[in-house]
Structures are given as structure tokens and as C-alpha cells.
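To start, the structure itself, in C-alpha cells.
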Amino acid sequence: MVNQKNKRKISKSTYIALFSYTTLIFIIGIFIGSWFSSNQLSKSRYEQEKIKVSLDGINLKNELIEKEKSCDFSKSKIWEDKVNLGRRVTILEERLGKDNPELLIEKETYQLVELRTWLTLRDLKQTCNENYTLVLFFYSNNKDDELIYKESQDQGFILDELYLRNKDTFITFSFDIDNNNPAITTLKDIFNITKAPSLIIDSVVHDEFKSYSELQSIINNGQ
Amino acid sequence: MLSDIIIYPAYYIGIFVGLFYLFMIIKNRKKLRSRPIKEFPFVSVVIPVYNKESVIKHTVNSVLNLDYPKDKIEIICINDGSTDESLRILKEYKNIRIIDKKNEGKSIALNQGIKFAKGKFIMCLDADTIVQRDLLKKCLSYFNDKEVNIVIPTLKPYKPKNLLEKIQLVEYSIASFTRKITSFNSGLTAAPGCSIFRAEFLKKSKGFEQNNITEDFEMALRAQSKNVKISMALDTVAYTNVPKKFKDLYRQRIRWCYGNLYNLKKYKRLFNKKYGDLGVFFLPLILISISLGILGITLAIIDISTTLIQKIHFLSLINFDYKINLTSLSIINFIIDLRIILGLVAFSIAITIFNIAKKYTNIKEVSLFTYLSYVFIYSMLLIGFWIISAFYFIAGKQPKW
Chain W
1 MVNQKNKRKI SKSTYIALFS YTTLIFIIGI FIGSWFSSNQ LSKSRYEQEK
51 IKVSLDGINL KNELIEKEKS CDFSKSKIWE DKVNLGRRVT ILEERLGKDN
101 PELLIEKETY QLVELRTWLT LRDLKQTCNE NYTLVLFFYS NNKDDELIYK
151 ESQDQGFILD ELYLRNKDTF ITFSFDIDNN NPAITTLKDI FNITKAPSLI
201 IDSVVHDEFK SYSELQSIIN NGQ
Chain B
1001 MLSDIIIYPA YYIGIFVGLF YLFMIIKNRK KLRSRPIKEF PFVSVVIPVY
1051 NKESVIKHTV NSVLNLDYPK DKIEIICIND GSTDESLRIL KEYKNIRIID
1101 KKNEGKSIAL NQGIKFAKGK FIMCLDADTI VQRDLLKKCL SYFNDKEVNI
1151 VIPTLKPYKP KNLLEKIQLV EYSIASFTRK ITSFNSGLTA APGCSIFRAE
1201 FLKKSKGFEQ NNITEDFEMA LRAQSKNVKI SMALDTVAYT NVPKKFKDLY
1251 RQRIRWCYGN LYNLKKYKRL FNKKYGDLGV FFLPLILISI SLGILGITLA
1301 IIDISTTLIQ KIHFLSLINF DYKINLTSLS IINFIIDLRI ILGLVAFSIA
1351 ITIFNIAKKY TNIKEVSLFT YLSYVFIYSM LLIGFWIISA FYFIAGKQPK
1401 W
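Now the structure itself:
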């Protein structure tokens, strides 16, 4: 009954076939994954274009009227598009990594769109006497300085939470302090921004971390 | 995330193994059920008994009720120095042979019984295990293959009542099904509380190893080391009493895991291409699964703790004034990632295998909650048991039970 001589079989062909199938599944998975990523990037570009068109529309309309700027614009639409775009960029950052070259370009473009949105909304706020708070937030993604990185993360989280609670009256425009695009550099120069985290709330600079309560009080007091 | 280190190798191995099982199911789909037996050889049923007064009657009765000619079966009960009423209960039966001895452990008791067994086949049965009526007829049919020396049935918990027992029903059923698939490639390494042996093999092998805490696993590995085939009858069941409380489960599993590690080390020579699929696939798979499980759960715990600490920190920043943000649960958060895609593939394969296993092991009565508890909680517990046992094993310290 004991078969000492019985040669044991190795199902080599089965293993090779299954190895190929598993590898194929992985390759297909990688392709689908990158397709989703590039799809998200395209959507992000599309949303950027949408915002640019909306902003151009508002700016052109105001230029045409010249003397008396029109306050007839859909703030909530621009607002919503900008927030969605920001969210998409954040998710892409999580998925593709903060150093992904394609994403870095996307982010830079996004920050320029943000800047344009802020300029338009700032003008309209003054012209139309609107009651909303515009916050420019300078953060650092540089993990070399752990404290600054952590404070930037914390500040970003607080600003997101504040937006959630004040969706119609509060909006943040976030900029990477290491972004050396001429427009962003000029913005930093104008407000003398040298460190992160820094906030510009309705043109007033706060160059240190602000707690939830402090920011709430600033918003409630209209500065 | 730290767990990313482990997630891709785990997916790769998981998908590979899943496909392997699916392939084997398809290839052997006609062999999943037992074939009827043509003749009835003499069978000895050996039952070691130690303090089993509450269950021994059920066990003996189930053997007496087997659908098998009564003159072709003998029952040998070895009372292993029971201090309860087990011996008295056994003496109530006139048609069984009782060997009364001092307590020396299960293996010695079994070997004693084997020595007196006259059957061509010997069924070694735990005193708390109840056999289905058709068990012998179905199991014996596999001995038509002369190379088969051990046959095991499906093992299931006896009348599971509480959640822990029901979860073990799922576990035992899945384990039985995968054992069946493994047996097609001569990779089966189990000879649990109800196993039928060719008497010649058992006697030549000098029975069970004494003082081995998982003597059944040792026996299976020993059989494999002698190129002996182990088969499985999936469509007949032996019902065993499983732990009802976590404490008992913990003790049982630490003993099993420790014993398995001990025996794997003892038979490390089986990790060799000389032993075919067993040596190059099934045994390495056991070790890889244990290692990945331990590593995966450790990293996951680190990741979860880090995330949790971070979440608490974030909440403290907003004075714990939390507001649910539904937009963050948007679909794009889920479908974009390679991990999610591979996870879905692995999950689909697992579900398919599980549904086939369900069909062949009749576990339809189990609720979705039990399944989910098995997948998300119990499987983690099992890995936890492996971790603890591995610590004992590495430290060279035998756990107490």
C-alpha cells in the first residue's frame, strides 16, 4: 500500500497557465487603473475650462458695461465648480502621488484658475457689496520640514471643515508655497508671504496657523 | 500606507490560488461526488474516550446506526482513564469492545485500539464526533484506488447554535471543500477527528505519534512523506462538537496552530519538488498564507491606528464638531485605484468558489451576517491565533491548554 517509488507529479503546465492569467489580470488592472486616472485628469481639465469660460463671461460682461458693473452672476455655480475641481485634484494627489509629473502640471494650472477665480470674486465682492469671505491659503507639501507640513495639513483640514459649515459665505483658494509660477510668485510678493501656513482673509495677512475657533471668530466678525 | 507593501503580493497570490481552485473545480467537476461501494469489507471503528460522558452515547449510537452490514463492523472504545461517567456509559453497550486503561493521551489510546482492530479498514473517530449514516459506504468507495490509504469525510460542527458555532460551520465547510479540491492534486494534508485508514498502512506505520499535539496532521504528513494518497468524500459528513466560547476556541486554535508549525518543521523535507504539487505548491502556500496573513494584519493594524490617531487629531482641531461630508464618498474615490480593481477580481473569484462550496457542502441555512462575521472578524481572529502560536513556536515554548 505504501508506494515509495511512486513519482509525484508537478502540474507545471497548469501553474504556467495560471501564472500567465494572473499576470494578465494584473496588466489589465494596471491599464484600467491608468485609464481611470487619465479620465479623471481629463475631467479635471474640462472643469478648469468650464471655470475659465464662466470667469471670462463675467469679466467680459463687466468690461462691456464698463461704468456700472453688473452684479447679475451665478456665484454659486463658479463656487461649486471650483470646489469640485479642488476635490478632484486632491483625490488625484492621493491616488497618483503628490510628485506625479502630469499631476504637478495639472495642479499648477488649477492654482492659476483659482487665482483668476479669486480676482473676479474679490472684484465682485467690492462692487456688489457681497457678504462672503475669501481666503487665500498658502500651504507646504514639503515633508522635509515636518512641523510646517503638519501645520499646513491641519490648517487645510480646518478650512475644509469651515467651508462645509459656511458653504454660501466662505471659500478657500489654496496655493502651494513652493509653486514658482510668475503669477503665484507675484501674489506672494504682493502680500509678502514667506512661510506656510499663511492665510490672506479678505486681503488681511495672517502668517501663522489659525485655530478653528480663531477662524470662526474672524469669519463671524467679518475680519 | 505601510500595508501597500503587502497588498500587491497578497493580491497576486490570492488571485493565482483562486484561479487554481476554480480550474481544479472545473477540471474535476464530475469527481466531486462519491461513487457507490460494491462490496462491504470488515471495518473497525476505534474511539478513544476521555471524559466524554455528555457526548459518547451520541457518538457510539451514530456508529451503530451506520448504513453498513452489522456483521462487517466492530467498535472498539478505549477508555483513556476517564474520571467521569464515560466508562459506565460505554459498559451499557453489549456489542462494543471496551479497553480500559490509565490516562496516557489520545495517540496512545488510538494505537492501543488499532492493535486490537481486525478490520481491513480502520476508522479513527473522536469521541465527540457523530457520523452520518452513509459515511462508511461513501468513504470506502475511494479505497478502490489501491494507492489511497486514508479517506476523510466532510467535517462540520454539530448543531451549531450560537454565532461562534455558526461561523465555524462556514469555516469547516469551506475547509472541507478546499480539501476536496486539494485532494485531486495529492496535496491533502489532513486526517481529522474522523478518518478511515487502510489497516495495513496504519499498522505498518506503527499508528499515531505519541505526545504529538496534532497527531492527525502528523499522520497526514507522514502519509504524504511515504507517497500515500489521501482522498476525501465531500458528500458525507462527520459532525463534531466545536468550541462554543471564545476562550475554548482560543485554546483549541493555539494548540492546532502550534502543532501544525511543529509538524511542518518536522516534515520540512516535504518542501521539495520530489513531492510534486504538495512540495512546490500546497505546503509553501500554507507558509506563505500564514506569513502574508501575519504581516498583512500587523501592517493593517499600524495603518488603522495611524489613521485613527490622525482622525482624532483632526477632530480635535475642530473641537470635535464633526459634520458628515457626503461628497467625499463620491464614486470616483473608489473606482480609480488599481488596488480596488484587483480587489474586485479577487472578491469575484472568492465569491464564485464560495458559492460552489456552498452548493456541495449544504450550508444554505447560514445568514449573511454570519458570512460577514466570518470574513471580516473571524478571519482576523484566526490570523491572531497564528501570530500568538508563532511567538510560542519561535520562543520554543509550548503553550498551555
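Line by line, the protein sequences give chains W and B. Heads up: the first sequence at position 140 corresponds to 140 in this note's numbering, and the numbers run straight through without jumps. Count along the second sequence from 1, then add 1000; that gives the number in this note's numbering. Idealized CB from N, CA, C, for every residue including glycine. Since we're looking at a predicted model, the values are computed, not measured.
Terminal residues of the alpha helix (DSSP H) in which residue i lies
i        : result
T1154(B) : No alpha helix (DSSP H) contains T1154(B), which is instead part of the beta strand (DSSP E) from V1148 to P1157.
F1347(B) : L1338 to T1361
F1116(B) : K1106 to F1116
T185(W)  : P182 to F191
Q1398(B) : Here Q1398(B) belongs to no alpha helix (DSSP H), and DSSP marks it neither H nor E.
F157(W)  : E146 to R165
G1119(B) : Looking at the DSSP string, G1119(B) is not in any alpha helix (DSSP H), and its letter there is neither H nor E.
F1369(B) : L1368 to S1373
K1266(B) : F1246 to K1266
C71(W)   : First-last for C71(W): undefined, no H or E at that position.
K1364(B) : Element bounds for K1364(B): n/a, residue is neither H nor E.
S217(W)  : Y212 to N220
Euclidean distance between Cα positions of residue i and residue j
i        : j        : result
R1029(B) : N100(W)  : 48 Å
L1188(B) : S1173(B) : 15 Å
L103(W)  : F31(W)   : 18 Å
N1319(B) : F1016(B) : 48 Å
P1160(B) : I1363(B) : 11 Å
S198(W)  : N39(W)   : 33 Å
L134(W)  : L55(W)   : 16 Å
N1355(B) : S1389(B) : 31 Å
I1377(B) : W1386(B) : 15 Å
G1296(B) : R1339(B) : 15 Å
D154(W)  : F1314(B) : 7 Å
V1403(B) : A1175(B) : Residue 1403(B) falls outside the range modelled here, since chain B spans only 1001 to 1401, and no answer is possible.
Q223(W)  : K125(W)  : Per-residue confidence for Q223(W) stands at a pLDDT of 48, beneath the threshold of 50, marking its modelled position as unreliable; no derived number is given.
R1133(B) : V1063(B) : 8 Å
K226(W)  : K98(W)   : No answer is possible for residue 226(W): the residues shown for chain W start at 1 and end at 223.
I1331(B) : I91(W)   : Per-residue confidence for I1331(B) stands at a pLDDT of 49, beneath the threshold of 50, marking its modelled position as unreliable; no derived number is given.
A1010(B) : L1292(B) : 7 Å
P1124(B) : S1186(B) : In the sequence on display, residue 1124(B) carries Cys and not Pro. Answer to the nearest angstrom: the Cα atoms are 21 Å apart.
F1334(B) : L1317(B) : Confidence at F1334(B) is low in this model, with a pLDDT of 49, below 50, so the placement of that residue is unreliable and no value is reported for it.
V2(W)    : F1201(B) : Bear in mind that a pLDDT of 49 at V2(W), under 50, signals an unreliable position, so the number given afterwards is only what the model happens to contain. The straight-line gap from Cα to Cα measures roughly 7 Å.
L1270(B) : T23(W)   : 28 Å
V113(W)  : V83(W)   : 12 Å
T1059(B) : A17(W)   : 46 Å
S1086(B) : Q1168(B) : 27 Å
K1031(B) : T1214(B) : 29 Å
Proximity to residue i [Cα-Cα], best of the options
i        : options                                   : result
I1341(B) : K12(W), W35(W) and A196(W)                : W35(W)
F1217(B) : K1031(B), L1261(B) and N1241(B)           : L1261(B)
E1165(B) : P1036(B), S1367(B) and N1355(B)           : S1367(B)
V89(W)   : Y132(W), V135(W) and Y110(W)              : Y110(W)
I1037(B) : T1240(B), Y1068(B) and F1020(B)           : Y1068(B)
D205(W)  : T14(W), F137(W) and R87(W)                : Just to set this straight, residue 205(W) is Val in the shown sequence, not Asp. Nearest option by C-alpha distance: F137(W).
N1241(B) : P1399(B), N1162(B) and L1292(B)           : N1162(B)
T1083(B) : Y1050(B), L1292(B) and N1212(B)           : Y1050(B)
Y1239(B) : L1308(B), R1255(B), P1157(B) and L1264(B) : P1157(B)
F983(B)  : F1282(B), I1383(B) and I1290(B)           : For chain B, the structure presents residues 1001 to 1401; residue 983(B) sits outside this window and is missing.
T172(W)  : L115(W), K43(W) and N181(W)               : L115(W)
G57(W)   : D168(W), A17(W), L159(W) and D72(W)       : D72(W)
S1259(B) : E1209(B), L1110(B), I1047(B) and A1117(B) : A quick correction: the sequence has Gly, not Ser, at residue 1259(B). Of the candidates E1209(B), L1110(B), I1047(B) and A1117(B), the one whose C-alpha sits nearest the C-alpha of G1259(B) is E1209(B).
I78(W)   : S140(W), D168(W) and T14(W)               : D168(W)
N1144(B) : I1130(B), K1120(B) and C1194(B)           : K1120(B)
K1359(B) : P1048(B), F1177(B) and I1167(B)           : F1177(B)
Y1012(B) : I177(W), I27(W), N180(W) and K195(W)      : I27(W)
E106(W)  : L164(W), T185(W) and Y46(W)               : Y46(W)
L1136(B) : S1205(B), L1221(B) and S1044(B)           : S1044(B)
S203(W)  : Y132(W), Y139(W) and I177(W)              : Y132(W)
Limits of the beta strand (DSSP E) - the one that residue i falls within
i        : result
K1229(B) : K1229 to T1240
D123(W)  : Not the beta strand (DSSP E): D123(W) falls in the alpha helix (DSSP H), residues P101 to C128.
I171(W)  : F170 to D176
One or two residues paired with residue i in a DSSP bridge
i        : result
D1100(B) : N1079(B)
H206(W)  : L199(W)
F137(W)  : S174(W) and L199(W)
C1124(B) : V1046(B) and S1195(B)
I1130(B) : Y1239(B)
Contact test: residue i Cβ vs the ligand ZN heavy atom, cutoff 6 Å
i      : result
I32(W) : Looking for the ligand ZN in the displayed structure turns up nothing, as the structure carries no ligands at all.
Next item on the list: Would you mind listing the beta strand (DSSP E) stretches within the segment 1014 to 1097 of chain B that are 3+ residues and don't spill past its ends, in chain order?
Entry: 1043 to 1049 and 1073 to 1080
Item checked: Every unbroken beta strand (DSSP E) inside the segment 1158 to 1213 of chain B [3 residues or more] -> 1194 to 1198
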